[in-house]
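Last residue of the sequence shown? That's 277 in my numbering, and every number before it is there in order.
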Amino acid sequence: MSPNRRRPLVGGNWKMHFLRDDATRFCDALLAGGALPADVVLFPSFPLLHSVAEALTGSEVGCGGQDIHPADKGAHTGDVSGAQLVDAGCSWVLCGHSERRHDHGEADDLVRQKAVTALRYGLTPLICVGETQAERQAGRTFEVLERQLRAALTDGPATFTLAYEPVWAIGTGETATPEIAQDAHAFLRGQLGDMLGETAAEAKRILYGGSVNPQNAAELISKPDLDGFLVGGASLDPEKFLAIIRSCGSDT
Ligand code: 13P
């Protein structure tokens, strides 16, 4: 790892997988992996949060929710509040994952509201942006990324981390090439520079997500604007997840 590089961050988004036993076994295997060359955070589904947070106690591995409601509390069946996430041991939360945008019709402005609420509770929002295949094929990738980013950040949270997750690469096995990913990350960093200033933009970690695995991680992380990963499928196997994390520690 070059000395000036932002410290990598690797998130494991477990989506709607695992029961408590799987989750605690996973945490034991992860923690047995010893010192890691990246910050690591797990995003279990809500019923697993307490067990995972407990299993991670005393370690440097963080825990986060997969979603948050923008209101503090109230009549919102099926939703989870910032206070509940904190109470469950979270320090992070995903905001605007494409599966939330698609499955639940979450629009750009709601993503901003969620990220603002997260920060109010001391949770770091991990804001996800990414274009669909149709948008990429229509040459609209940068337009979509700019729209999603500006909507999330204009009057949005002061502290956040960003993930570029091209929708066409999620769960498909079709990873973005390192060049495609780098182009998008450099574009996003440029936009952050416009919005926050160069220094703040340079300090921001931008994660890549979409069919990351132990085979492609090292080449992706060698790109200058990639600062880690948000891993779905491969984050369900501790050996694969550890291999991805370790790939962040070697210059390739
Ligand atoms: P996959 O790694 O399964 O493609 O999922 C990526 C993702 O959506 C992480 O948030």
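Ideal Cβ positions, reconstructed from N, Cα and C, are used throughout, including at glycine.
Keep in mind it's a predicted model, so treat the numbers as computed, not measured.
Quick one: Cα of residue i to Cα of residue j, how far?
{"i": "C15", "j": "R137", "result": "Here the chain comprises residues numbered 26 to 277, so residue 15 is not present and cannot be evaluated."}
{"i": "P28", "j": "G274", "result": "Unreliable placement is indicated for P28, whose pLDDT of 46 sits below 50; the coordinate value is still reported in the next sentence. Distance between the alpha carbons of P28 and G274 is about 11 angstroms."}
{"i": "N241", "j": "L261", "result": "17 angstroms"}
{"i": "M26", "j": "Y233", "result": "Its pLDDT being 45, under 50, M26 is placed unreliably by the model, and nothing is read from it."}
{"i": "R31", "j": "G83", "result": "24 angstroms"}
{"i": "I195", "j": "G155", "result": "10 angstroms"}
{"i": "C52", "j": "G36", "result": "13 angstroms"}
{"i": "I246", "j": "A100", "result": "43 angstroms"}
{"i": "S76", "j": "A48", "result": "8 angstroms"}
{"i": "R45", "j": "A113", "result": "14 angstroms"}
{"i": "A60", "j": "V256", "result": "19 angstroms"}
{"i": "R165", "j": "T224", "result": "28 angstroms"}
{"i": "Q173", "j": "E85", "result": "31 angstroms"}
{"i": "G87", "j": "A78", "result": "8 angstroms"}
{"i": "A63", "j": "I270", "result": "6 angstroms"}
{"i": "H42", "j": "T197", "result": "17 angstroms"}
{"i": "T277", "j": "G103", "result": "Only weak support exists for where T277 lies, its pLDDT of 43 falling under 50; the coordinates are left without a value."}
{"i": "V65", "j": "A163", "result": "35 angstroms"}
{"i": "A206", "j": "W117", "result": "24 angstroms"}
{"i": "G215", "j": "E244", "result": "22 angstroms"}
Can you tell me which of the options puts its alpha carbon nearest to the alpha carbon of residue i?
{"i": "P239", "options": "I231, G258, L251 and L151", "result": "G258"}
{"i": "L178", "options": "D104, D64 and C120", "result": "C120"}
{"i": "V141", "options": "D97, A209, E264 and E124", "result": "D97"}
{"i": "G89", "options": "L213, A108 and R172", "result": "A108"}
{"i": "D128", "options": "L44, R30, G235 and V192", "result": "V192"}
{"i": "W39", "options": "F254, L67 and H94", "result": "L67"}
{"i": "P263", "options": "F43, M41, L55 and H42", "result": "L55"}
{"i": "G5", "options": "R145, L170 and G87", "result": "Limits of the chain in this structure are 26 at one end and 277 at the other, which puts residue 5 out of reach."}
{"i": "P249", "options": "K229, R125, A268 and L267", "result": "K229"}
{"i": "P72", "options": "D92, A159 and A206", "result": "D92"}
{"i": "S70", "options": "G58, V105 and R50", "result": "V105"}
Check for me: the beta strand (DSSP E) holding residue i runs from which residue to which?
{"i": "G87", "result": "G87 to G90"}
{"i": "F254", "result": "G253 to V256"}
{"i": "F68", "result": "D64 to F68"}
{"i": "V118", "result": "W117 to C120"}
{"i": "G37", "result": "L34 to N38"}
{"i": "I152", "result": "T149 to V154"}
Ends of the alpha helix (DSSP H) at residue i?
{"i": "T186", "result": "Looking at the DSSP string, T186 is not in any alpha helix (DSSP H); the run it does join, the beta strand (DSSP E), is T186 to Y189."}
{"i": "F212", "result": "P203 to L221"}
{"i": "P263", "result": "P263 to S272"}
{"i": "L232", "result": "Not the alpha helix (DSSP H): L232 falls in the beta strand (DSSP E), residues I231 to Y233."}
{"i": "T102", "result": "Counting along the chain, T102 falls outside any alpha helix (DSSP H), and DSSP gives it neither H nor E."}
{"i": "I195", "result": "Counting along the chain, I195 falls outside any alpha helix (DSSP H), and DSSP gives it neither H nor E."}
{"i": "S76", "result": "L74 to A80"}
Rounded C-beta distance between residue i and residue j? I'm assuming under 8 angstroms.
{"i": "L148", "j": "L110", "result": "6 angstroms"}
{"i": "K139", "j": "P95", "result": "5 angstroms"}
{"i": "G235", "j": "E190", "result": "5 angstroms"}
{"i": "D208", "j": "L34", "result": "With a Cβ gap of about 21 angstroms, D208 and L34 do not count as contacting."}
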